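So the protein lines, in turn, are chains A and B.
Taking my numbering as reference, the numbering of the first sequence is continuous, increasing by one, and the terminal residue is 427.
Taking my numbering as reference, the numbering of the second sequence is continuous, increasing by one, and the terminal residue is 1427.
First comes the structure, then the notes that go with it.
Protein chains: 2
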Amino acid sequence: MNRIRVGLAGLGTVGSGFVKLLHQSRHTIRQRTGINIELVRVVELDKRRLKGLPLDQAQWSANLDDILKAADVDIVVELIGGTGVSREFILKAMKSRKHVVTANKALLAEHFSEIFSAADRNGVNIGFEASVAGGIPIIKILQESFLTNRIKKIYGILNGTTNYILTKMSLDNMDFASALKEAQKKGFAEADPTLDIDGLDAAHKALILCNLAFQVDVNFKDVMVSGIRNFDVSDIHYARELGYVVKLLAVSRLVKDGQIVTYVEPSLIPFKHLLASVNYEYNAIYIDGEAVGESVFYGKGAGSMPTANSVLSDVIDLARHIVAGTKVWHYRNLRKPDSTVNKNIMNEYYLRFMTADKPGVLGRIASILGKYGISISSCVQKDLDARVTAVVMTTHFCRKQDLESAVAYIRKNVRDVKAPIVVLNIR
Amino acid sequence: MNRIRVGLAGLGTVGSGFVKLLHQSRHTIRQRTGINIELVRVVELDKRRLKGLPLDQAQWSANLDDILKAADVDIVVELIGGTGVSREFILKAMKSRKHVVTANKALLAEHFSEIFSAADRNGVNIGFEASVAGGIPIIKILQESFLTNRIKKIYGILNGTTNYILTKMSLDNMDFASALKEAQKKGFAEADPTLDIDGLDAAHKALILCNLAFQVDVNFKDVMVSGIRNFDVSDIHYARELGYVVKLLAVSRLVKDGQIVTYVEPSLIPFKHLLASVNYEYNAIYIDGEAVGESVFYGKGAGSMPTANSVLSDVIDLARHIVAGTKVWHYRNLRKPDSTVNKNIMNEYYLRFMTADKPGVLGRIASILGKYGISISSCVQKDLDARVTAVVMTTHFCRKQDLESAVAYIRKNVRDVKAPIVVLNIR
């Protein structure tokens, strides 16, 4: 029987789930892989977190060096989070030839090539299934099952907090602030929800998926991000009238000539699209690939046990590789795609203008859009009170840059249009 | 650079897709795995099928022995189908220590333990991702990603032909015969559609998923199967009125005490369930697991390139294992579950009775159901003409055996109820 020894850093939600799941699965793992996976070191500052877990006091320490210096640790599981201490820790672990499993999307997204180069240089494997979409095995699908399925686009609902908020706003007619408060009460949003609602968490995951799907090395700063802070519930209603739901989508698309665009934006999805039914805290990823066609993978995007299952499946994979002496995959010399391509992408858009209730305003807007080559596919006009009218439109496919120019022109020159003008992508 | 050599048997739809996909992916595979996968032998009776494929005449033969006897073949890809020649071929290939990749669900389902025991005995690996749900990587998900996610139930839409027919019946109000004809015209149904519409194809796949999900060795004859031959479109309409769609579901459930039930039956799914939106030729699999919770995997269930992608991903996995000298997984000593458990399962049901339009019939039916402990959750009654009334009901959870007894009693004793009585599962 082969023995593989694990050192765990961090006993938070996912860490404690990992300890429990490993404990209850050891027999299954032995039976199916012939490997005995042993948790030999646990580092956690707050000793009280050991309580109730199947752990021996002797395994515990408060010092990360105890894992790094331990000669008997084969795999390091990093569940500390953040990009400071965890980065140092992972780089040092790799330098001492330890394999690494991490759920840390921020670290991977912001230091993508540094982390993967270090793994390559030191001849160690890195598992990061838990970094994107919790319990959905999307990393394995991209790296293994879809290795020969050339991907054209990949987009997903990758943040449970914002999806919970948007679902509440849509189904229960709540405004943003109330939906956020409810998400916090139910434990789906942090006390400081900034990373989630401003789209950064989704952007971290989007970058990882983009780089894997297209075998590129996009810089995190090239991901365009807009979140849902103070998203207006009226746009959810107008969208529904036009046959769409609003979701915070993380999108990566292959544009012609191998150029890639990556962005996170609240977007309209047609009712019939499978992602339109992905509600509350759930995540889902849509892939359009050359060989396989359209695929969707749906599941829990966070939580103790779903994420722990992904961490543990990585540990098992790495253990198998250690026993065999093989490397998971070769990830080097990735292309840095052109980041200026974003303005040339084509899309359909949703537009909302708040205008004075005067004759001719709609005509003025429509003819300016027309001059910029933008054609309207549907239009709804609603008088909100005696003075204000909402003009809501969807466009046919047009160049993003043309749309931005037209909107800027309208903002500057059509006095009867009030700020702000809302522009949303349509999938 | 490592070399792995492949012998392919069968140049049908999937086989020719495999040849193309391997040809166009060789660079990617080399770059990512460091392995050169070479197609060295192709066996196909119909030589004309080589036309247009990137194949050398010298690689071709019409004799399966040419693959079996070739010392330079590491992996055999079996895409012949059926359970006769292909079974002999796979067993012989394993005996001569060749690893096997197959898309043959009938063979695996009907000779499950024979095939896996032979692989184990000969120390070779077997890949069968393509045997279930075409382009959806469900086998890898079950064997690797969800290894430690104890599964409670798994059910899926696993047959594209019947799903296409049911979708057409539902959305376009077609009867069964017309929908089947259309499916045949569009290439989604064979000239002889028996295997599909009688549910056998789905049952083959259900058995494979069941055995993997629960680590058991269920016999194929213990899978209860009912298909959709001459399914009455009126049940699709009544179901819709009650908030459901009808899908041919392949279900495996863990009953208490480790007992398993497996069946294929047309079943009602609530509108809101993700599987309810899986239309036309698409497949999807729903899994409820202890660690991960609810997951759904959606994609193309058949077709040349989606299935070829699964075959090729198996070949790549096996190639890596050959280079490393490792075995994919240990699959032995599987438990044979009790097959008599089926009658004790609890479910909700949809019932349709055609009755004479007389007072008191509904009351009679309801009180008989009540005597058997079956409580009604909703009921619709429709007069179809002056003489015939359709009484449609859904029940709360009840024992399957009680329901069957009640229905048998009604059939025998209530003269105003005409045959047949329709009983469908609700998910």
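Don't be surprised by glycine CBs; every beta carbon is placed ideally from N, CA and C.
As the structure is a prediction and not an experimental result, all values here were calculated from the model.
Proximity of chain A to B:F1297 at the Cβ level (cut-off 7 Å) is accounted for by F297, in chain order. B:N1230 has its alpha-carbon roughly 27 Å from the corresponding atom of B:S1377. For A:E348, there is no enclosing alpha helix (DSSP H); the residue is part of the beta strand (DSSP E) that begins and ends at 346 to 356. Here the alpha carbons of A:S375 and A:N163 stand approximately 31 Å from one another.
In this structure, A:K92 and A:L107 do not form a Cβ contact; the two beta carbons are roughly 14 Å apart against a cut-off of 8 Å.
Only residues of its own chain outside the window of five on either side were considered, and among them none has a CB closer than 6 Å to the CB of A:S234.
With its beta carbon at least 7 Å from every one in chain A, B:N1002 lies outside the interface. B:E1281 and B:G1160 do touch by the CB rule: their CB atoms are close to 4 Å apart, below 8 Å. The DSSP-derived three-state label of B:Y1155 is strand.
Taking a beta-carbon distance threshold of 7 Å, B:I1141 counts as an interface residue toward chain A. Sixteen is the threshold: since fewer than 16 other Cβ atoms of the shown chains lie within 10 Å of the Cβ of A:M346, the residue is exposed. For B:I1260 against B:S1267, the beta-carbon gap comes to about 18 Å, at or over 8 Å, which does not count as contact.
At least 7 Å separates the beta-carbon of B:I1154 from that of B:I1236.
Between the alpha carbons of A:S16 and B:N1002 lies a gap of roughly 41 Å. For A:N211, the uninterrupted alpha helix (DSSP H) run begins and ends at 200 to 214, by DSSP. Using a Cβ-Cβ cut-off of 7 Å, B:L1008 is close to nothing in chain A; its nearest Cβ partner there is about 16 Å away. A:V292 places its beta carbon less than 7 Å from that of A:N149. The CB of B:P1137 comes closer than 7 Å to the CB of I141, S145 in chain A, given here in chain order. Three or more pairs of CB atoms, one per stretch, sit closer than 8 Å, so the segment 18 to 25 of chain A contacts the segment 311 to 319 of chain A. Take A:R427, set aside five residues on each side of it, and the residues of its chain with a beta-carbon closer than 6 Å to its own are S267, I269, in chain order. Taking a contact as a CB-CB distance under 8 Å, the pair B:I1004 and B:A1319 counts as one, their CB atoms being some 4 Å apart. In this structure, A:R41 is the residue among A:L64, A:A70, A:A62, A:R41 with its C-alpha nearest to the C-alpha of A:D56.
Counting only residues of its own chain and dropping the five nearest sequence neighbours on each side, A:L166 has a CB closer than 7 Å to the CB of I228, V246, K247, L248. Within chain B, no C-beta atom comes less than 8 Å from the C-beta of A:P266; the nearest is roughly 22 Å away. Counting only the Cα atoms, B:C1379 lies some 31 Å from A:S170.
Segment contact: the segment 1084 to 1099 of chain B against the segment 1179 to 1197 of chain B, fewer than three CB-CB distances shorter than 8 Å; contact not assigned. In the DSSP assignment, B:G1007 falls outside any alpha helix (DSSP H) and within the unbroken beta strand (DSSP E) covering 1002 to 1009.
Counting only runs of 4 or more residues that sit fully inside the segment 1041 to 1123 of chain B, the alpha helix (DSSP H) segments are 1065 to 1068, 1085 to 1095, 1105 to 1110, 1112 to 1122, in chain order. Identification of chain A residues near B:S1025 by a Cβ-Cβ cut-off of 7 Å yields T148, ordered along the chain. By alpha-carbon distance to B:I1139, the top candidate from B:K1047, B:H1273, B:K1105 is B:K1105. A direct Cα-Cα distance of roughly 19 Å separates B:L1147 from B:S1131.
In this structure, the CA atom of A:G10 is about 22 Å from the CA atom of B:S1145. For the C-beta of A:P306, the chain B residues within less than 8 Å are, from N- to C-terminus, A1291, V1292, G1293. Rounded to the nearest whole angstrom, the C-alpha separation of A:E404 and A:I80 is 41 Å.
When C-beta distances to chain B are compared with 9 Å, the residues of the segment 313 to 326 of chain A below that value are S313, I316, D317, R320, H321, V323, A324, G325, T326, in chain order.
Residue contact check for A:L50 against chain B: no CB pair falls below 7 Å.
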